[in-house]
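These notes are about the structure you will find just below.
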Amino acid sequence: MLAADGATGLVVDRVCKRFGTRTACDDLTLRVDRGEVFGFVGGNGAGKTTAMRIVLGVLPADSGRVTWAGEPITPARRARFGYLPEERGLYPRMRVLDHLVYLAELHGLPVDDAHRAAEYWIARLGLRPHREQEVQRLSLGNQQRVQLAAALVHGPELLVLDEPFSGLDPTAVDVLAGVLRDQAARGVPVLFSSHQLDLVERLCDRVGIIRAGRVVATGTVGELRAGSGTTLVVDAPGAAAGWADRLPGVRVLAVAGSRTTLRLAEGADDQPVLAAALATGPVREFRRDRPGLAELYRDVLGRTDPATPGGGVGAASGAGTGAGTGAGRVASAAGASGATSAGGAASPGGGTRWPGAHQDIGWPANGSSEPIDAGYRNGPPGVPGQGAGGPGERGGFGDGVGRSG
């Protein structure tokens, strides 16, 4: 069990979650300290998204616990978290400024403060030319910027971001990286997932690697590198294919032409490798290499033996997950403030009851883009004719199919 101390913000302690016969989180444990940027990496279906939804209260854990500053997370506390889901979750016909003000008010900001915060994040994230545009008129990259602003607009105590860099151009990536570092400097813990391992390596204080619902390695990149053994790069143009395959304590990582990349076991000597290479003829290059996070990730997965390859894949078809949809999920499961309720009652195909919406809404189990109940199609008060968020994509919240990670 992880112990909380004064620096600890978020602790996920031995959390398990199953969907039918599939395990999405298997004794999953991690810690994100105050002021820390923590990168959460793993393959598709490894359990990242499910773990994040449990942190936000969108999904209940079957066992284990999630705490903030050593205490169970209440709905009021959760309303002060910022969440960016992987799926689109914006009202398409709302203007950008109105949307951010509305979400800030859902989190409890007075209207004047909500306007000031919305204008600040519009400027910070490069959205000024689009502040009066409808969300549906924006490019996918700019829609992602709006979703990022939605996660930040209320001054969150914790940021949980699922693939935040998806769809962003290089300039926007640099802006977001700066925002996350600034948030961490304010003492805000930042937990984000990404498949862009170069960004994770550059940005994160620590990294957790998840496979089949378990965190199989965690630490700084330097710590992960120290435990991975030595990487050698050997360029032997006269060597036959497979020349290093049978060397003791050596694993071949990659072969590109005459260049072979090898991994030595911890404590193994590199001189037998050099001797074997010289025995094949001239050696043009023989050097130790500093592995990056992508190589460390492959190495960790190569050394772990998951009980369920590929991890869980979510709820059985038609079962739903009881999670929210549309803008409510962007509003960070904000409890009684009016965003996605934690653990709401599931509609026939999934979905949840939103406080203030007076309707159950969810996506049908057949994946149709039309909500089961049109009661919330008008969106927030004063925005007529609104759709209820994005399409019922496979793997979306409460779509009856679901996925984990």
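Counting in my numbering, the sequence shown runs from 820 upward without gaps.
Beta carbons: idealized from backbone N, C-alpha and C, even for Gly.
This structure is a prediction, so every number in the text was calculated from the model and none was measured.
Leaving out five residues before and five after residue i in sequence, what residues of the same chain have Cβ atoms less than 6 Å from its Cβ?
i, result
"residue 1070", "1082"
"residue 1080", "1052, 1072, 1073"
"residue 1153", "The predicted position of residue 1153 is uncertain, since its pLDDT is 39 and thus under 50; a value taken from the coordinates is nonetheless stated next. Taken in chain order, the residues that qualify are 898, 925, 926."
"residue 833", "846, 848, 883"
"residue 1078", "1054"
"residue 1008", "828, 829, 851, 853, 855, 977"
Taking DSSP as the reference, what is the three-state secondary structure of residue i?
i, result
"residue 851", "strand"
"residue 911", "coil"
"residue 932", "helix"
"residue 1036", "strand"
"residue 916", "helix"
"residue 1056", "coil"
"residue 1031", "coil"
"residue 1063", "coil"
"residue 1097", "helix"
"residue 828", "strand"
"residue 993", "helix"
"residue 988", "coil"
If I measure Cβ to Cβ from residue i and keep anything under 8 Å in the same chain, skipping five residues before and after, which residues do I get?
i, result
"residue 1228", "Past the edges of the chain, shown from 820 to 1224, lies residue 1228, and the structure says nothing about it."
"residue 1006", "853, 854"
Within 8 Å of any Cβ in chain D, is that where the Cβ of residue i sits?
i, result
"residue 972", "The chain inventory of the structure shown lacks chain D, comprising one protein chain alone."
What does the Cβ neighbour count give for residue i, buried or exposed, with the cut at 16 atoms within 10 Å?
i, result
"residue 958", "exposed"
"residue 850", "buried"
"residue 1032", "buried"
"residue 1118", "buried"
"residue 1193", "Residue placement at residue 1193 is flagged as unreliable, the pLDDT there being 32, under the threshold of 50; the coordinate-derived value follows with that caveat. That one is exposed."
"residue 1090", "exposed"
"residue 1084", "exposed"
"residue 1109", "exposed"
"residue 990", "exposed"
Beta-carbon within less than 7 Å of residue i's beta-carbon, same chain only, minus the 5 sequence neighbours each way: which residues are those?
i, result
"residue 1096", "1053, 1055, 1058, 1102, 1105"
"residue 881", "835, 836, 837"
"residue 963", "985, 986, 987"
"residue 896", "887"
"residue 944", "964, 967, 968, 994"
"residue 1020", "1040, 1111, 1112"
If contacts are defined as beta-carbon pairs under 8 Å, then residue i and residue j qualify, I think. What distance do you get, rounded to the angstrom?
i, j, result
"residue 999", "residue 1022", "6 Å"
"residue 1039", "residue 1024", "7 Å"
"residue 1068", "residue 1087", "4 Å"
"residue 923", "residue 973", "5 Å"
"residue 860", "residue 1026", "6 Å"
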